[in-house]
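**Q** Chains as they are written, first to last, in our numbering: chain A, 1 to 352; chain B, 1 to 508.
Here is the structure:
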């Protein structure tokens, strides 16, 4: 009984990808762009050279970290929309830690390590807030998270234009950049920091193991699938939910810290760069099968990077990547709905 | 309107909820429908009101076949159903609710509706303020609103499903008076209940259902004993009772009062000793389930004391009860008992002893194999629980209970199982008792209650009987108590002394 279900699942997944491509192609045709050329540009722009691949990996690092965290909350049946804010708070905490280290004259290595840890703490605390609101305040985590996202953005702007503003006048380009020695070391001549790569791979490995091989992971899944029954079977459900929030926020915070220490070297207004929302899409697409996540995240990151030069070459907006990504998620979810409908049909009118 | 139900069949999986029911109800009759839980009353009424479709059979209205496929259809035919839980929209005003479900073009005719509402309410002596918010109304008032709404929509057949649960005595009188009046006007009333006294005082005719079949009809003057016998049937042999030697009490409830949205239960005082089996009888929603859940720490009583092995437990969490050796098995298997999406191995891993960080998948699988074998579950360690049949899900629930419990609380432990499984499951439970566990269980099956309990408490509308020795209690006595007969007057014994006979719970 299991095999045909898996086959039809994979088949429908392929149909969904086909439909998403078709949909994007139609969008391209309507906007008067040559579709094949656009796809070729994306391919070349993302995988055309080693430099491009390292750029994709720069985007891949925060995406994998955020998505790893989201796999945890999804396993617990939680929609942690607040991931964006958690990334932002991670960046704010990391920036704060680096500023303090700069003032105190701390050595670079402990300063950077401290900034990453501070980022993890910041993201985790922000997520804990959403978790507490849900568990004790009865605020759905979607609304709580969304609200906290706005607060996080406001906090960033206030810091950039207020206490942390550049000497003279505050600017949308962010805070004063940190000196080079306070950056995560990058590959010579590239933007990619191998340390960021290590953090991302480590984060994913820990989460993969946690979900697949530990009692905590199983209990969290039980909470996600039926919290009431899990509670009656003796699982402390609120504790597991809060732990899921903490873990997810911590990983999001790590992503934010990497953005500060390895990519932007300062706090900028849109420091999360939408990787949280993108991560939500990736997590939904992998549908609780974490093994595929890094690959899919790479694909999404490649779409993002590949579409950067669309405006220059084809005068197309770079949001085309978003169109394709969004269409992909919608069609995969729609196909999932189709599959469930198929499975239910054998009993017509047998609704109890 | 005359209603004819002809040979109605409806099955849910292997369960025949309605098994060829034929019933004719002349216009202007108040027809009572009696039966215990699961007898098929609700299914029959849902079919008549369009919420479910019959597998087979016909409905004739005034001598013509009716094609009822949805609740909208029944509205056209003039059939209205008053649900046990009022189907209204609480955050809206009475008048807005009154208007719901009526085709009134784009703009609701508020003025006309208000006039109709006040007129209808005045006619029946209902106390309904059109501008009040529904959430501020009592259950009785919401029911009145629903009743006048259905009448305004032109209902000529009214179905009332357990309408007197949770309403005051005054509201009940008003309801009964208006029902009598409506029947005199030629409307047909179908009154579904398990309360013998109400059915006897109100209905012109009574039909009794049992296990999906119409087992008899009666007209006044009613013989209560015969109705009880028809409702519950005769006993079949179910194996022997375990005669407990009363030891120290494991659990004690002392003047416990539980408040619920619908009712106040208690004060109830009861205890369970080691090796004892206590049965809680009563129609669904009489308060027994609330008391059982309070024994597990899932509901916090507003008053009274709960002790486990002498230790005060009131206000402690459910998980604290579990740590003290309590086991609880809910009736809703897939909603509260098991986790759809996880397989049997994962369930055993979840409830197993291993406290380590790492998941002991192999150990869990071994345990799953052992328990599948010992509980004769038809499935494999990798079967997802939702793929199991109801009976096998029930066995799984039992298999998941920990060993060496001091108290086991069970909701309908054998509902929906065939007789061999019932006997087999009780053998397993009695084995636990012999090892020192006390069992308290809720069941709507009187035979089960009488055969396996040492002592019985009967629940009726939130009132709790003193404990009855199961050996010297008959099905008839039990049936009467469940139907609300033979209770002392509610306000008689004023001071509820400890272990008082029949606590005085009053429905709100």
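The beta carbon of each residue, even a glycine, is placed where N, CA and C say it ideally should be.
Ignore the nearest five residues each way along the sequence and tell me which others in residue 130 of chain B's own chain have a CB closer than 8 Å to its CB.
**A** Counting only Cβ-Cβ distances below 8 Å, and skipping sequence neighbours, we find 93, 94, 95, 98, 114, 117 and 118.
**Q** Is residue 265 of chain B helix, strand or coil by DSSP?
**A** Three-state result, residue 265 of chain B: strand.
**Q** Note down the Cα distance separating residue 255 of chain A from residue 300 of chain B, rounded to an integer number of angstroms.
**A** Their backbone Cα atoms lie some 44 Å apart in a straight line.
**Q** Determine which residues of the region 218-243 of chain A have a Cβ less than 8 Å from any Cβ of chain B, and write them out in chain order.
**A** Going along the region 218-243 of chain A in chain order, one finds 218, 219, 221, 222, 225, 226, 228, 229, 230, 231, 232, 233, 234, 235 and 236 with a Cβ nearer than 8 Å to chain B.
**Q** Along chain B, which residues have their Cβ under 8 Å away from the Cβ of residue 214 of chain A?
**A** Chain B residues near residue 214 of chain A: 357, 358 and 359.
**Q** Which same chain residues, not among the five before or five after residue 56 of chain B, have their C-beta less than 6 Å away from its C-beta?
**A** 9.
**Q** According to the neighbour-count rule (16 or more other Cβ atoms, all chains shown, within 10 Å of its Cβ), is residue 259 of chain A buried or exposed?
**A** Counting Cβ neighbours within 10 Å, residue 259 of chain A comes out buried, since at least 16 surround it.
**Q** Which of the residues in the region 367-382 of chain B, read from start to end, lie with their CB under 7 Å from any CB of chain A?
**A** So nothing in the stretch comes that close.
**Q** If contacts are defined as beta-carbon pairs under 8 Å, then residue 30 of chain B and residue 214 of chain B qualify, I think. What distance do you get, rounded to the angstrom?
**A** Not a contact, Cβ separation roughly 18 Å.
**Q** Looking at chain A, is there any beta carbon in it that lies within less than 8 Å of the beta carbon of residue 336 of chain B?
**A** It does: the Cβ of residue 336 of chain B has a partner Cβ on chain A nearer than 8 Å.
**Q** Determine, for residue 351 of chain B, whether the minimum Cβ-Cβ distance to residues of chain A falls below 8 Å.
**A** By this cut-off, residue 351 of chain B is an interface position.
**Q** In angstroms, rounded to a whole number, what distance separates the CA positions of residue 403 of chain B and residue 351 of chain B?
**A** Roughly 11 Å between the two C-alpha positions.
**Q** Can you say whether residue 172 of chain A is buried or exposed, counting buried as having 16 or more other CB atoms within 10 angstroms of its CB?
**A** So residue 172 of chain A counts as exposed.
**Q** What residues from chain A crowd round residue 328 of chain B, counting only those whose CB sits closer than 8 Å?
**A** Correct list: 232.
**Q** Strictly under 8 Å for the Cβ-Cβ distance: is residue 400 of chain B near chain A by that measure?
**A** Chain A, which has a Cβ nearer than 8 Å to the Cβ of residue 400 of chain B, makes this yes.
**Q** Nearest to residue 357 of chain B by CA position, among A:142, A:296, A:123 and A:213, is which residue?
**A** With distances taken between Cα atoms, residue 357 of chain B lies closest to A:213.
**Q** Which residues in chain A have a C-beta closer than 7 Å to the C-beta of residue 341 of chain B? List them in chain order.
**A** Here the neighbours are 225.
**Q** Suppose you measure from the CA of residue 133 of chain B to the CA of residue 76 of chain B; what does that come to, to the nearest Å?
**A** If I take the Cα positions, the gap works out to 28 Å.
**Q** Could you give the DSSP three-state label for residue 10 of chain B: helix, strand or coil?
**A** DSSP places residue 10 of chain B in strand when its eight states are reduced to three.
**Q** Just checking: is the beta-carbon of residue 83 of chain B within a distance shorter than 8 Å of some beta-carbon in chain A?
**A** No, its Cβ sits nowhere closer than 8 Å to a Cβ of chain A.
**Q** From the DSSP output, in three-state form, read off residue 289 of chain A for me.
**A** In the structure shown, residue 289 of chain A sits in coil (DSSP, three-state: anything other than H, G, I, E or B).
**Q** So what does residue 80 of chain B bridge to, in DSSP terms?
**A** B:158, per the DSSP bridge assignment.
**Q** Go ahead and label residue 189 of chain A buried or exposed: buried means 16 or more other beta carbons lie within 10 angstroms of its beta carbon, across all protein chains shown.
**A** Counting Cβ neighbours within 10 Å, residue 189 of chain A comes out exposed, since fewer than 16 surround it.
**Q** Pick out whichever of A:336, A:85 and A:108 has its Cα sitting closest to the Cα of residue 250 of chain A.
**A** Of the listed residues, the one whose Cα sits closest to residue 250 of chain A is A:85.
**Q** Would a C-beta distance cut-off of 8 Å place residue 409 of chain B and residue 302 of chain B closer than the cut-off?
**A** The answer is no: Cβ separation not under 8 Å.
**Q** Terminal residues of the continuous alpha helix (DSSP H) containing residue 60 of chain B?
**A** Where residue 60 of chain B is concerned, there is no enclosing alpha helix (DSSP H), although the beta strand (DSSP E) it sits in stretches over 56-61.
**Q** When the distance is taken between beta carbons, is residue 253 of chain A closer than 8 Å to residue 93 of chain A?
**A** For residue 93 of chain A and residue 253 of chain A, yes; Cβs fall inside 8 Å.
**Q** Going along the chain, which residues of its own chain have a beta-carbon closer than 6 Å to the beta-carbon of residue 166 of chain A, five neighbours each way excluded?
**A** Result list for residue 166 of chain A: 176, in chain order.
**Q** According to the Cβ coordinates, are residue 340 of chain B and residue 225 of chain A closer than 8 Å?
**A** For residue 340 of chain B and residue 225 of chain A, yes; Cβs fall inside 8 Å.
**Q** Distance check for residue 109 of chain B and residue 388 of chain B, CA to CA, integer angstroms please.
**A** Rounded to the nearest angstrom, the two C-alpha atoms are 52 Å apart.
**Q** Label residue 49 of chain A either buried or exposed according to how many other C-beta atoms from any shown protein chain fall within 10 Å of its C-beta, with 16 as the threshold for buried.
**A** Answer is exposed; the Cβ neighbour count stays below 16.
**Q** Within the 8 Å Cβ cut-off, does residue 322 of chain B reach chain A?
**A** So yes, residue 322 of chain B belongs to the interface.
**Q** If we define contact as Cβ-Cβ less than 8 Å, is residue 403 of chain B a contact residue for chain A?
**A** By this cut-off, residue 403 of chain B is not an interface position.
**Q** Between residue 126 of chain B and residue 170 of chain B, what straight-line distance do the alpha-carbon atoms span, to the nearest angstrom?
**A** The alpha-carbon atoms of residue 126 of chain B and residue 170 of chain B are separated by roughly 11 Å.
**Q** Which of the three DSSP states, helix, strand or coil, is assigned to residue 133 of chain B?
**A** It is a strand residue.
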